[in-house]
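Heads up: the sequence shown begins at 1 in the working numbering, then just goes up one per residue.
Some notes on the structure that comes next.
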Amino acid sequence: MLSIPVKSLREGMVVGQSIYSKAGAAYLVKGKPLTNQYIRQMKKIGIPSISVSTVDPRFEVEIPEDLVQEKTRMDAIQMVHDVFNDVSGKKAMDTDGLTKITDRIVTDVFARREHLVQLTDIRLHDAYTFAHSVNVAVLSAMIGKFSNLSDEDMRTLVMGGLLHDLGKVMIPAELLNKKGRLTAQEFEAMKRHPMEGAHRISEYEWMLPKASILAAIAAQHHERVNGKGYPRGIKGEKMHRFAKMVAIADVYDALTSERPYKKAYTPSVAYGIMKISKGHFEEELLRQFFDNVAIYPLGTILKTFYGYGIVTKCEFGHTRTPTVCIFADRKRKMLEKPVTINLKDDSPKTIEKEISGTELLALTRDFSFDPSKYLTKT
Ligand SMILES: [Fe+2]
Numbered sequence: 001m002l003s004i005p006v007k008s009l010r011e012g013m014v015v016g017q018s019i020y021s022k023a024g025a026a027y028l029v030k031g032k033p034l035t036n037q038y039i040r041q042m043k044k045i046g047i048p049s050i051s052v053s054t055v056d057p058r059f060e061v062e063i064p065e066d067l068v069q070e071k072t073r074m075d076a077i078q079m080v081h082d083v084f085n086d087v088s089g090k091k092a093m094d095t096d097g098l099t100k101i102t103d104r105i106v107t108d109v110f111a112r113r114e115h116l117v118q119l120t121d122i123r124l125h126d127a128y129t130f131a132h133s134v135n136v137a138v139l140s141a142m143i144g145k146f147s148n149l150s151d152e153d154m155r156t157l158v159m160g161g162l163l164h165d166l167g168k169v170m171i172p173a174e175l176l177n178k179k180g181r182l183t184a185q186e187f188e189a190m191k192r193h194p195m196e197g198a199h200r201i202s203e204y205e206w207m208l209p210k211a212s213i214l215a216a217i218a219a220q221h222h223e224r225v226n227g228k229g230y231p232r233g234i235k236g237e238k239m240h241r242f243a244k245m246v247a248i249a250d251v252y253d254a255l256t257s258e259r260p261y262k263k264a265y266t267p268s269v270a271y272g273i274m275k276i277s278k279g280h281f282e283e284e285l286l287r288q289f290f291d292n293v294a295i296y297p298l299g300t301i302l303k304t305f306y307g308y309g310i311v312t313k314c315e316f317g318h319t320r321t322p323t324v325c326i327f328a329d330r331k332r333k334m335l336e337k338p339v340t341i342n343l344k345d346d347s348p349k350t351i352e353k354e355i356s357g358t359e360l361l362a363l364t365r366d367f368s369f370d371p372s373k374y375l376t377k378t
């Protein structure tokens, strides 16, 4: 997939990222060709860039499968939206519905075990918290799966992910969507959401399975293993194991999402940030997590030691060193015949940089071809 600015989109390009609006309605589902109307809408909404499977719509390219089915994800976003609405309106939440969607996520994650985590979807402004909660649940499930959790523990972990930010119902929307830095006072208000969420969950002690663990996940998802988190600043040994998993999923999803105050970072930038601050997370869990995240998703254009190439394959455990199809030398001279190299045995330093946005478009113009043709279905 190629990340390009919305202003450069053309009709017929196939989108590789879903866009969700409020309540789980998919605004645009990945795999569908773009129409001019959608392109106009995206400009109007202010989406800066999106991943497309090809620049040249003549190529039919496979879009990597998600960890869960699109329908499961959409229904889950809708359910989280409803639960948050009910709780903020002081109505009883639908615990049966929540249990059912939790089961569906767990079933999907077990059934689709060979899929790596690919790109984060795009959320329209007011849909952020709901789509984020679902992604945190799915990413946590992925970590739980590698930690060989039982089915029952997986369900607790996933439901904990869905509800981890429930306390945000108490935070005013202006604060949640504020552009720019929060003042010290605003940050203090924001820091109350973990405990607020835990309190709300505790009220469902008789209706939610393992409510005390769900409450611990909400209370501790901003705590850090080195004690540098909030609200209590507790250290790793005091944190629930599931809260440590949810913390990793939460930070990764926030880094790779567009927010009012920041752009979406690419998976490789998010990886770098989380690796540097590894004292925040349990090292073994972080390693397992990034073993299964496509740090350079399929279709990423890279400048490597061997020349310019496109990622054609990402393997579990070797996500920093994917297989690339090298199509030009380091001086941007096209090769007569492209060469496919598996970088598995190379140092990650072989990759010098990833190329996206306007730089990518300039590059495709320089080469006067669309590198995604090397991803074409055979
Ligand atoms: Fe949070």
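Here a beta-carbon is modelled for each residue, glycine too, at the ideal position from N, C-alpha and C.
Remember, it's a predicted structure, so these values are computed and weren't measured experimentally.
Checklist entry - Among Ala247, Leu360, Glu315 and Pro267, which residue has its Cα nearest to the Cα of Thr120? => result The shortest Cα separation from Thr120 among Ala247, Leu360, Glu315 and Pro267 belongs to Pro267.
Item to check | At least three beta-carbon pairs within less than 8 Å, the stretch 246-266 to the stretch 211-230 | outcome: Of all C-beta pairs linking the stretch 246-266 to the stretch 211-230, three or more are shorter than 8 Å, placing the two stretches in contact.
Next on the checklist: In whole angstroms, give me the CA-to-CA distance for Lys333 and Gly309.
Outcome noted: If I take the Cα positions, the gap works out to 12 Å.
Checklist entry - Considering only C-alpha positions, which residue in the set Pro322, Gln288 and Ala216 is nearest to Lys303? => result Checked all of Pro322, Gln288 and Ala216; the closest Cα to Lys303 is Pro322.
Item to check | Local Cβ density within 10 Å of Ser3, reported as buried at 16 or more and exposed below that | outcome: Ser3 should be labelled buried.
Checklist entry - Would you say Leu157 and Gly144 are within 8 Å of each other, going by their C-beta atoms? => result Leu157 is a Cβ neighbour of Gly144, given a cutoff of 8 Å.
Checklist entry - Between His164 and ligand 3, is the CB less than 7 Å from at least one heavy atom? => result Although ligand 3 was asked about, the structure shown includes only ligand 1 as ligands.
Next on the checklist: Does the beta-carbon of His222, which I'm using as the reference point, lie nearer than 7 Å to any heavy atom of ligand 1?
Outcome noted: Yes, the Cβ of His222 comes within 7 Å of a heavy atom of ligand 1.
Checklist entry - Should Phe110 go down as buried or exposed, given a rule of 16 or more other Cβ atoms within 10 Å for buried? => result An exposed status is given to Phe110, since fewer than 16 other beta-carbon atoms sit within 10 Å of its beta-carbon.
Checklist entry - Residue ranges of each beta strand (DSSP E) run of no fewer than 3 residues wholly in the stretch 28-98, ordered along the chain? => result Whole beta strand (DSSP E) segments, 3+ residues: 49-52.
Checklist entry - What separation, rounded to the nearest whole angstrom, lies between the Cα atoms of Asn342 and Glu282? => result When rounded, the distance between both Cα atoms is 30 Å.
Checklist entry - With DSSP run on the structure shown, which of helix, strand or coil describes Asn342? => result Asn342 sits in a strand when the DSSP states are folded into three classes.
Next on the checklist: Measuring alpha carbon to alpha carbon, tell me which residue in Thr256, Arg73, Ala173 and Ile217 is nearest Ile50.
Outcome noted: If you compare the alpha carbons of Thr256, Arg73, Ala173 and Ile217 with that of Ile50, the shortest gap goes to Thr256.
Checklist entry - If you drop the 5 nearest sequence neighbours on each side, which residues of the same chain put their C-beta closer than 8 Å to that of Tyr374? => result So the qualifying residues of the chain are Ile310, Thr312, Cys325, Phe327 and Pro338.
Item to check | Residues that Ala173 bridges to, as DSSP identifies them | outcome: DSSP, once it has assigned bridges, lists no residue as partnering Ala173.
Checklist entry - Should Asp250 be listed as close to ligand 1, given that the test is whether its C-beta is under 7 Å from any heavy atom? => result Relative to the non-hydrogen atoms of ligand 1, the Cβ of Asp250 comes within a distance shorter than 7 Å of at least one.
Item to check | Check: His193 C-beta below 7 Å from any heavy atom of ligand 1 | outcome: Answer for His193: yes, Cβ within range of ligand 1.
Checklist entry - Going by DSSP, which residues form a beta bridge with Ala249? => result In the DSSP output, where bridge partners are listed per residue, Ala249 has none listed.
Item to check | Host alpha helix (DSSP H) of Asp217 (start-end) | outcome: The sequence shown places Ile at residue 217, rather than the Asp named in the question. Here the alpha helix (DSSP H) through Ile217 covers Ala211 to Gln220.
Item to check | Helix, strand or coil at Arg287 according to DSSP, with G and I counted as helix | outcome: Arg287: helix per DSSP, three-state reduction.
Checklist entry - For Lys7, which three-state DSSP category applies? => result Helix.
Next on the checklist: Using the three-state DSSP reduction, which class does Met239 fall into: helix, strand or coil?
Outcome noted: Coil, per DSSP.
Item to check | As assigned by DSSP and simplified to three states, the class of Tyr271 | outcome: The answer is helix: DSSP assigns Tyr271 an H, G or I state.
Item to check | Cβ shell of Ala362 (< 6 Å), same chain only, five flanking positions each side left out | outcome: Nothing listed; no residue qualifies.
Checklist entry - Start and end of the beta strand (DSSP E) containing Lys145? => result No beta strand (DSSP E) contains Lys145, which is instead part of the alpha helix (DSSP H) from Tyr128 to Phe146.
Next on the checklist: Per DSSP, what are the beta-bridge partners of Gly309 in this structure?
Outcome noted: Gly309 is bridged to Leu302 and Ile326.
Next on the checklist: At the 8 Å Cβ level, is Asp291 part of the contact set with chain C, yes or no?
Outcome noted: Absent from the structure: chain C. Only one protein chain is present.
Checklist entry - Got a sec, what are the start and stop residues for the beta strand (DSSP E) Ile201 sits in? => result Counting along the chain, Ile201 falls outside any beta strand (DSSP E), though it belongs to the alpha helix (DSSP H) covering His193 to Ser202.
Checklist entry - Rounded C-beta distance between Pro209 and Gly167? I'm assuming under 8 Å. => result That pair is no contact at about 20 Å.
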